[in-house]
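Shown next, in structure tokens, is the structure this report addresses.
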Amino acid sequence: STRRPQEQLRQISRDLQVTLPTVAAFVFIPMVGYSFLLLGMMFPRLLLSRQFHTKEQRWHFATKEFGERRGYFDRLNTDFWG
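If you want it as structure tokens, here you go:
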């Protein structure tokens, strides 16, 4: 299979992991669930899937995630090679 469908499957998995707890809280705990709407607007990277992000937000979140991953691999490289 090609790279594009594999990336889409991984993205669907990530989106479900992010979105399902928010939706479940909204449905099963109605009074507290409304706070998740406000939290979703305050912290879109953590509580909303990519469909709700603007193009600028996607770019910002991708560069932030890349920086986090790079920092992790830099630490791993330093620990491994000394």
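Per this note's numbering, the sequence shown starts with residue 58, numbered consecutively. Glycine is no exception: its CB is placed at the ideal position from the N, C-alpha and C atoms. These numbers were taken from a predicted model, which means no experiment stands behind them.
Asked: Closest to D72 by C-alpha separation, out of F85, L95, T111 and L103, would be which residue?; Found: L103
Asked: Roughly how many whole angstroms lie between the Cα atoms of N134 and E125?; Found: 14 Å
Asked: Is the CB-CB distance between T79 and S106 below 7 Å?; Found: no
Asked: Determine the extent of the alpha helix (DSSP H) in which S70 is found, giving its start and end residues.; Found: R60 to F85
Asked: Any idea what DSSP makes of G139, helix, strand or coil?; Found: coil
Asked: With distances taken between CB atoms, is the gap from F93 to A81 smaller than 7 Å?; Found: no
Asked: For Q108, which residues from the same chain have a beta carbon less than 8 Å from its beta carbon, with the 5 sequence-adjacent residues on both sides left out?; Found: D72
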